[in-house]
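Residue numbers (the working numbering), protein chains in the order written: chain R, 5 to 152; chain B, 42 to 700. The beta carbon of each residue, even a glycine, is placed where N, CA and C say it ideally should be.
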Amino acid sequence: MKPRSKRLLLVGGAVALLVGAVALVLTAFQQNLVFFHTPTEVAEGKAPAGRTFRVGGMVEQGSVKRDADGLTVQFAITDTAKVIPVSYRGTLPDLFQEGKGAVVQGTLEPDGLFRASEVLAKHDENYMPIEAQYAVDQAQKAAQTVQH
Amino acid sequence: MIPELGHFALILALVLSLVQAIVPMVGAHRNRMALMAVGRPAAQGQLVFIVIAFVCLTWAFIESDFSVRLAATNSHTDTPLIYKITGVWGNHEGSLLLWAMSLSMWTVAVTVFSRNLPEAFMARVLGVLGWISAGFISFTLVTSNPFERLLPGAEQGRDLNPLLQDPGMIIHPPLLYMGYVGFSVAFAFAIAALLTGRLDAAWARWSRPWTIVAWVFLTAGIAVGSGWAYYELGWGGWWFWDPVENASFMPWLLGTALIHSLAVTEKRGAFRSWTVLLAIGTFSLSLLGTFLVRSGVITSVHAFATDPTRGLYILALLVLVIGVSLVLFAWRAPKLAGGGSFGLVSREASLLGNNVLLAVACAAVLLGTLYPLFLDALNMGKISVGAPYFEATFVPLMTPVVILMMIGPFVRWKGDDGGRIMRKLALTGLVSVVLGIAIAFAIGHVSVRTVLGLALAAWVVLGSMQLLRSRLAERPGVAGMVRLRGIPSAWWGMWLAHLGVGVFVIGVTMVGSLNADLDVKMSEGQTAELAGYTFTFRGATERAGPNYDAATAIVDVDRNGRQIATLTPEKRIYRAQRMPMTESSIDVGPFRDIYLSLGEQVESGAWVVSIHYRPFILWVWLGCVLMGLGGIFAACDRRYRRLAERTAPATAANAKQAG
Chain R
5 MKPRSKRLLL VGGAVALLVG AVALVLTAFQ QNLVFFHTPT EVAEGKAPAG
55 RTFRVGGMVE QGSVKRDADG LTVQFAITDT AKVIPVSYRG TLPDLFQEGK
105 GAVVQGTLEP DGLFRASEVL AKHDENYMPI EAQYAVDQAQ KAAQTVQH
Chain B
42 MIPELGHFAL ILALVLSLVQ AIVPMVGAHR NRMALMAVGR PAAQGQLVFI
92 VIAFVCLTWA FIESDFSVRL AATNSHTDTP LIYKITGVWG NHEGSLLLWA
142 MSLSMWTVAV TVFSRNLPEA FMARVLGVLG WISAGFISFT LVTSNPFERL
192 LPGAEQGRDL NPLLQDPGMI IHPPLLYMGY VGFSVAFAFA IAALLTGRLD
242 AAWARWSRPW TIVAWVFLTA GIAVGSGWAY YELGWGGWWF WDPVENASFM
292 PWLLGTALIH SLAVTEKRGA FRSWTVLLAI GTFSLSLLGT FLVRSGVITS
342 VHAFATDPTR GLYILALLVL VIGVSLVLFA WRAPKLAGGG SFGLVSREAS
392 LLGNNVLLAV ACAAVLLGTL YPLFLDALNM GKISVGAPYF EATFVPLMTP
442 VVILMMIGPF VRWKGDDGGR IMRKLALTGL VSVVLGIAIA FAIGHVSVRT
492 VLGLALAAWV VLGSMQLLRS RLAERPGVAG MVRLRGIPSA WWGMWLAHLG
542 VGVFVIGVTM VGSLNADLDV KMSEGQTAEL AGYTFTFRGA TERAGPNYDA
592 ATAIVDVDRN GRQIATLTPE KRIYRAQRMP MTESSIDVGP FRDIYLSLGE
642 QVESGAWVVS IHYRPFILWV WLGCVLMGLG GIFAACDRRY RRLAERTAPA
692 TAANAKQAG
């Protein structure tokens, strides 16, 4: 092989490899994005049906109930405007508490129940998950606009 | 008084860092020996003052001086001594001081161990490091002064975040920082070389041991962090693709590429521009990691800072570093062309493949980590990118890397016969595939990922053995021991690190295929079964720790009627912050961990217990240990110590070649 065609082959191979890798990355990226919605958006039906997404807000006071098996937990997430009922089976994070911020990831059932596969709470007592704070801020902003 | 002393020492360190940044650079430019010679004492003096500052801050923590704001918010009189000390860097301000101290230690190490560098080159290296140091110390002083007073002083401190009160957290931050910051040395060497306009094999040889040592620290730091997450977060996962983890993983990926690319530059003079770009990129990613983790754009246990000016400052520093170095690179790049040519089948080509793949993998992680932040910053919605994305991209990208890893070392530099390599490795490849399928059937878990993982692991282990055998066959007629000892330490390093990847893949594949979890409500005397083990709940007792109260469950673990262990998972409430914490209890074994964590008390006497079975998880970290050991062997190679005799003629010869 001539040096020139050899170099062409090498460069061509590298480019092909790169294109393949980029295609792979972008496809995987598209398929695995998890969108975030506030409880108000979910109540308005803006959340995608049948797809995993996240909802964040405060855990409503007095809403946490355990089923008889001791493992399934029912609670409600609110942004102070709308309330979304959530069902979760598993161990809750240490800092999960009523009246505190939490973010849940899962899917929405047709009857409006959010079936969570993951519950995220904050890492220490000072901080609120950014997304939970955002949901509450949005709802309060909306409430103020209505009053004006 | 002592905190003010520390503050003053830090200001002096800043002054010295500016001296170190400016004077030797000017000296190198004007070729004045006297000015260049200022670099070393300035760097060494700077370390002395930073250490004084650090000791003063530690003193405030140990003595529980709660008139220092940092101690008041991160310590408590009841905190055990060791966590008072680690509390110094368990926060934003203190961790920055640790960053600056690591940088200063690296700089002094360069002045001590690279005494034989040409004076002008050394002056420029120290100058670059001085600029970075000045940037970080001024950042600390201006936006995040760790010595800030709280007047009047608090009566009691708020204690360190309980998640951080753990042995793993004692060493994780210093190791990780030594790794992050260590890449600044590789960066400084690259910039110094760009400034002199001489990037030759000698430069690669000077820079290589430093890069490898930084990489070893980073590897160890990531492994310890992952171990901490495994036993502390309470559900037995070892890697979460959390943005904070990604922040440390990106420089690791690019740093791995850099080590391999430096090898080509040292041996063959090729890939020079690429190597320089990698050195710049790796350090930039270390800075980006610091920015992501410390600026508060990501909420996590690491995000202490919520002050936007701090984030802005690091961002500005980052932009400055990347901008200046890329401009410099563009200016000097035309001088970098050249280097030996090589064939399609050659060691260079296989290392090029490895580099491209590692860089793409790093870019994929970067995309998944930064894209949500961009969308958020542009107010285009909030999204998150979960573990499935990273797994879907990583497995296909790393598979060819692992395959190449065992082919590359067999291939000769410059050019080789493809048929020869095929004949040599065909049997190994075939046996690996068969082994992968056979083991998957034997463990009763046949899936694409399991077979692929096991086959790759077999490929690496078998390939390593074959590589050792063929290396020993190079010197026929010499006694075995002599032949073993004749192999240079760098070769052993490569061999061990690659074998470590194989061990790591075994761990990841097995724990991914066979792990089992069970959440169950248990009261006294009740039993549960998982993966052939029987768990009997013996009740829970209360106990008081130094700064927490705990409920301790007692669970007996039996297998085939024989008791193996008694585990005691705990639920702790840390008194100062009223923060609950799950403290897991693990029976560690070479082939499996049994991992218990205690959930909530659901009714009197009944608790939720999480039981996790984790086969081969120890191998994940064993693999990391082997990789790290490999790095140490590689960095200890004799040829780096013999630099002294070689440097001068080599530089001259290479300079002539390059010119």
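Test item: CB-CB of residue i and residue j under 8 Å
| i | j | result |
| --- | --- | --- |
| G212(R) | D628(B) | Residue coverage of chain R in this structure runs from 5 to 152, which leaves residue 212(R) outside it and unanswerable. |
| L235(B) | R373(B) | yes |
| L112(R) | F118(R) | yes |
| D83(R) | A143(R) | yes |
| V63(R) | F79(R) | yes |
| V87(R) | P114(R) | no |
| A245(B) | L303(B) | yes |
| V472(B) | V501(B) | no |
| S325(B) | V362(B) | yes |
| G277(B) | V254(B) | no |
| Q590(B) | R579(B) | Reading the sequence as shown, one finds Asp at residue 590(B) and not Gln. No, they are not a contact pair. |
| L220(B) | F258(B) | Looking at the sequence provided, one finds Gly at residue 220(B) rather than Leu. Contact flag set, yes. |
| P292(B) | T323(B) | yes |
| L31(B) | H486(B) | Given that chain B is displayed from residue 42 to residue 700, the structure contains no residue 31(B) and the question cannot be resolved. |
| F90(B) | L57(B) | yes |
Span separating the alpha-carbon of residue i from that of residue j
| i | j | result |
| --- | --- | --- |
| E583(B) | R613(B) | 10 Å |
| E196(B) | G128(B) | 18 Å |
| D71(R) | A557(B) | 23 Å |
| E611(B) | L663(B) | 27 Å |
| V334(B) | R351(B) | 12 Å |
| S267(B) | A288(B) | 13 Å |
| A261(B) | S185(B) | 28 Å |
| P284(B) | K465(B) | 42 Å |
| E307(B) | S387(B) | 16 Å |
| S136(B) | W130(B) | 4 Å |
| I480(B) | V544(B) | 15 Å |
| D458(B) | S488(B) | 36 Å |
| L216(B) | H41(R) | 38 Å |
| A47(R) | R58(R) | 14 Å |
| Q148(R) | Y138(R) | 15 Å |
| G110(R) | T56(R) | 5 Å |
| V79(B) | A69(B) | 11 Å |
| T181(B) | L358(B) | 13 Å |
| N132(B) | L205(B) | 10 Å |
Distance cut-off 7 Å: residue i Cβ against heavy atoms of the ligand GTP
| i | result |
| --- | --- |
| E389(B) | In the structure on display, the ligand GTP does not appear, and there are no ligands present to speak of. |
Residues in the stretch 256-278 of chain B having any Cβ partner in chain R nearer than 8 Å: Taking 8 Å as the cut-off between beta carbons, the residues of the stretch 256-278 of chain B near chain R are G275, W276, in sequence order.
Whole alpha helix (DSSP H) elements within the stretch 126-185 of chain B, 4-residue minimum: As far as the stretch 126-185 of chain B is concerned, its whole alpha helix (DSSP H) runs of at least 4 residues are 133-154, 160-184.
Beta strand (DSSP E) segments (min. 3 residues) lying fully within the stretch 567-641 of chain B: Within the stretch 567-641 of chain B, the complete beta strand (DSSP E) segments at least 3 residues long are 568-571, 574-585, 589-600, 603-608, 611-615, 620-624, 626-629, listed from N- to C-terminus.
Touching by the beta-carbon criterion (3+ pairs, under 8 Å), the stretch 97-108 of chain B and the stretch 140-160 of chain B: They do not touch, by the three-pair rule.
contact_flag[the stretch 661-678 of chain B, the stretch 249-261 of chain B] where n(CB pairs < 8 Å) is 3 or more: Touching, yes, given that three or more Cβ pairs across the two stretches are closer than 8 Å.
Stretch pair the stretch 214-231 of chain B + the stretch 158-169 of chain B: three plus CB contacts closer than 8 Å: For the pair of segments examined, the stretch 214-231 of chain B was found to touch the stretch 158-169 of chain B: the number of CB pairs separated by less than 8 Å reaches three.
Interface positions of the stretch 32-45 of chain R facing chain B (Cβ-Cβ less than 7 Å), listed along the chain: Those would be A32, F33, N36, L37, V38, F39, F40, in chain order.
Segment contact flag, the stretch 192-211 of chain B with the stretch 150-158 of chain B, C-beta cutoff 8 Å, min 3 pairs: Judged by Cβ distances under 8 Å, the stretch 192-211 of chain B makes no contact with the stretch 150-158 of chain B, as fewer than three pairs qualify.
Ordered list of beta strand (DSSP E) runs contained in the stretch 237-272 of chain B, each at least 3 residues: Entirely contained in the stretch 237-272 of chain B, not one beta strand (DSSP E) run reaches 3 residues.
Near-chain R residues of the stretch 596-623 of chain B - C-beta to any C-beta below 8 Å: The stretch 596-623 of chain B vs chain R, Cβ under 8 Å: Q618, R619, M620, P621, M622, T623.
Sequence ranges, alpha helix (DSSP H) only - wholly within the stretch 437-511 of chain B, length at least 4: For the stretch 437-511 of chain B, the full-length alpha helix (DSSP H) segments reaching 4 residues or more read 459-483 along the chain.
Stretch pair the stretch 491-501 of chain B + the stretch 614-634 of chain B: three plus CB contacts closer than 8 Å: With the cut-off at 8 Å, the stretch 491-501 of chain B and the stretch 614-634 of chain B do not touch.
Contact residues within the stretch 14-29 of chain R, judged by C-beta distance below 7 Å to chain B: The stretch 14-29 of chain R vs chain B, Cβ under 7 Å: L14, A18, L21, L22, A25, L28, V29.
Residues of the stretch 69-91 of chain R whose Cβ lies closer than 8 Å to any Cβ of chain B, in chain order: Contact annotation: in the stretch 69-91 of chain R, residues whose CB is within less than 8 Å of a CB in chain B are R70, D73, G74, L75.
At least 3 beta-carbon pairs within less than 8 Å: the stretch 527-541 of chain B vs the stretch 497-512 of chain B: These segments touch.
Runs of beta strand (DSSP E) wholly within the stretch 5-82 of chain R (minimum 3 residues, chain order): 37-41, 57-63, 76-82, all fully within the stretch 5-82 of chain R.
Touching by the beta-carbon criterion (3+ pairs, under 8 Å), the stretch 19-33 of chain R and the stretch 397-414 of chain B: Segments in contact, yes.
Interface residues of the stretch 413-437 of chain B facing chain R [CB-CB below 7 Å]: So the close ones are G422, K423, I424, S425, V426, G427, P429, Y430, A433, T434, P437.
Cβ pair count under 8 Å reaching 3, the stretch 444-453 of chain B against the stretch 417-428 of chain B: No, they do not touch.
Near-chain R residues of the stretch 630-653 of chain B (beta-carbon distance less than 8 Å), N- to C-terminal order: Here the close residues are S638, G640, E641, V643, E644, A647, V649, S651.
Ordered list of alpha helix (DSSP H) runs contained in the stretch 530-560 of chain B, each at least 4 residues: 530-555, all fully within the stretch 530-560 of chain B.
Interface residues of the stretch 541-563 of chain B facing chain R [CB-CB below 8 Å]: Listed by position along the chain: D560, V561, K562.
Length at least 4, wholly inside the stretch 62-91 of chain B: the alpha helix (DSSP H) runs in chain order: Runs of alpha helix (DSSP H) with 4 or more residues, each lying fully within the stretch 62-91 of chain B, are found at 74-77, listed in chain order.
Where the stretch 371-387 of chain B meets chain R: residues whose CB sits under 8 Å from a CB there: Listed by position along the chain: S382, G384, L385.
Contact set between the stretch 100-115 of chain R and chain B, restricted to residues whose Cβ is under 7 Å from the partner: Interface annotation for the stretch 100-115 of chain R against chain B: empty, criterion Cβ-Cβ distance under 7 Å.
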